[in-house]
Amino acid sequence: MITAEAVIDLAALKHNIKVLSMHQPHSKMIAVVKGNAYGHGGSHVAHALSSFVDSFAVARFDEACQLREYGITQPIVLLEGCFDQTETQEAARLGFQPVVQNDQQIHWLEQLDGQYRINLWLKVDTGMHRLGFHLEQVRSRHQHLCKLPVMDQYVGFVSHLSCADESGNIQTDRQLQRFNHVTEGLVGPRSLANSAALLTRPDICFDKARPGIALYGVTPFAGHCGEENGLKAVMTLRSKLIAIRTHQCGEPVGYSGLWHASRETMIGVVAMGYGDGYPRTMPTGTPIQVNGRIVPLVGRVSMDMLTVDLGPDASDHIGDEVILWGPTNPVEPIAERVGTIGYELLIQLTNRVKRSYINGCS
Ligand SMILES: *Cc1c(COP(=O)(O)O)cnc(C)c1O
């Protein structure tokens with residue numbers, strides 16, 4: 001029997017990319033599929049999106065290689081660029097588009113033998129202060145990269161927003177102004193928007209937008225859900241009831257006896273635990289869906305199991321479906337209960353969770 005399973009709705013994924021494209025009809029889409037497509041499965045997601053997007057973006061060289069192995073032929077942007085000379089050589093051969101964010105990476109590009117041409121993205125530090133060239137370096141580096149013999153069609157400009165998920169934060173306007181100012185008059189495509197900017201700031205979208213989390217139907221905005229932006233949750237994390245037990249009033253359940261029943265009830269045991277990536281810190285009261293109704297998580301989440309209070313009148317059965325999160329039990333407020341964001345819960349699911357794909361042909 002399959003227990004812990006992440007069901008990925010490819011029709012919802014396509015719905016989301018269409019919604020995002022409608023938001024910014026003049027921007028091409030670079031679908032961000034780093035981290036195994038935020039835990040959804042890189043190859044399936046990339047194939048489902050390939051006819052809707054201009055290119056893909058990943059964080060690590062190996063992630064890009066995997067997409068090529070899976071038959072993805074579109075450009076693949078390396079968001080932090082190449083980390084050594086070998087990766088740089090291979091990136092050119094495999095048609096990757098590295099971001100160039102430091103002078104060492106320029107040096108590796110200078111060493112290429114020129115057999116292959118390469119498109120590049122110059123990273124501008126407009127205020128994140130994590131990666132990228134300082135504003136006063138941008139012009140000279142861009143000119144230099146444009147003259148490299150290996151340069152193919154363009155050296156584009158990228159920058160990353162630090163506060164776009166906080167509506168009204170003036171940092172976004174500051175970063176936008178700096179980006180506009182420093183790239184003024186220079187030739188090359190521009191890309192600034194992440195999901196948050198794509199959903200709220202048409203003035204930021206430029207030639208190519210880089211949505212990640214919104215593709216998966218999850219909002220980047222704290223206190224909200226993807227549904228409010230017309231997005232559909234792509235992942236349903238589900239499992240099964242593997243035991244149903246009568247439980248006396250006052251008895252504890254699980255490690256440390258954290259929770260005690262205040263009445264006689266039925267406890268459901270679910271095959272899902274921190275070994276699957278469901279956080280151990282998830283507190284009593286977290287909503288879990290069993291046979292269409294919401295019941296509370298009770299007691300400590302253990303490695304392979306968690307327990308729910310099914311209520312005294314429960315008529316559930318072993319093998320019944322349990323939904324930890326999904327379209328009918330959104331991940332965003334669940335993530336907030338453990339002080340994190342949907343991104344982290346999605347990406348931290350372990351290999352023990354089976355990925356399955358539905359609605360692939362719609
Ligand atoms: C991850 C990432 C994105 C996507 O961000 P979302 O908030 O998931 O839309 C865009 N650009 C860069 C550079 C990234 O690292």
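Taking the UniProt record's numbering, I'd label the letters of the sequence shown as residues 1 to 362.
All residues carry an ideal CB built from backbone N, CA and C; glycine is no exception.
Note that the structure is predicted; figures quoted are calculated from it, not measured.
For residue i, the residue or residues it bridges with in DSSP
i      : result
Thr265 : His247
Ala57  : Val32 and Val77
His260 : Pro252
Ser191 : Val158
Val298 : Thr307
Leu237 : Ala6 and Trp325
Lys208 : Lys28
Ser356 : Val7
Pro287 : Pro296
Met151 : Ile118
Val270 : Leu241 and Leu306
Phe52  : In the DSSP output, where bridge partners are listed per residue, Phe52 has none listed.
Phe133 : Val124
Classification of residue i by the beta-carbon crowding that lies within 10 angstroms, buried from 16 upward
i           : result
Met272      : buried
Pro220      : buried
Cys205      : buried
Gln111      : exposed
residue 364 : The shown model of the chain, from 1 to 362, leaves out residue 364, and the question about it has no answer.
Asp103      : exposed
Gln248      : exposed
Pro98       : buried
Ser55       : buried
Gln24       : buried
Cys82       : buried
Asp309      : buried
residue 377 : For residue 377 there is no data in the structure shown, the boundaries of the chain being 1 and 362.
Tyr216      : buried
Ala222      : exposed
Thr286      : buried
Val187      : exposed
Tyr343      : buried
Ser159      : buried
Met29       : buried
Gln105      : buried
Arg238      : buried
Gly41       : buried
Ser167      : exposed
Met22       : exposed
Thr246      : exposed
Leu345      : buried
residue 393 : Outside the shown range of the chain (1 to 362) lies residue 393, about which nothing can therefore be said.
Rounded distance between the beta-carbons of residue j and residue i, thought under 8 Å
i           : j      : result
Thr236      : Ile323 : 6 Å
Ala196      : Asp165 : 4 Å
Gly212      : Asn194 : 7 Å
Asp207      : Arg190 : 5 Å
Tyr70       : Ser43  : 4 Å
Val100      : Leu122 : 5 Å
Asp320      : Val290 : 7 Å
Asp9        : Asn359 : 5 Å
Leu78       : Phe61  : 6 Å
Val33       : Ala46  : 6 Å
Gly39       : Leu306 : Wrong, their Cβ atoms sit about 19 Å apart, outside the cutoff.
Asn119      : Tyr154 : 6 Å
Cys65       : Leu109 : That pair is no contact at about 19 Å.
residue 371 : Val353 : Residue 371 falls outside the range modelled here, since the chain spans only 1 to 362, and no answer is possible.
Ala214      : Leu198 : 7 Å
Gly268      : Ile244 : 5 Å
Arg210      : Thr126 : Contact doesn't hold; Cβ gap of about 14 Å is too wide.
beta-carbon residue i near ligand 2 non-hydrogen atom, thresh 7 Å
i      : result
Ile213 : With respect to ligand 2, the structure shown offers nothing to examine, as its ligands consist of ligand 1.
Review point. Which full runs of the alpha helix (DSSP H) of 4+ residues lie inside the stretch 63 to 130, going along the chain?
Key: 85 to 94 and 103 to 110
Practice item. Entirely within the stretch 164 to 191 and at least 4 residues each: give me those alpha helix (DSSP H) ranges in chain order. Key: 170 to 183
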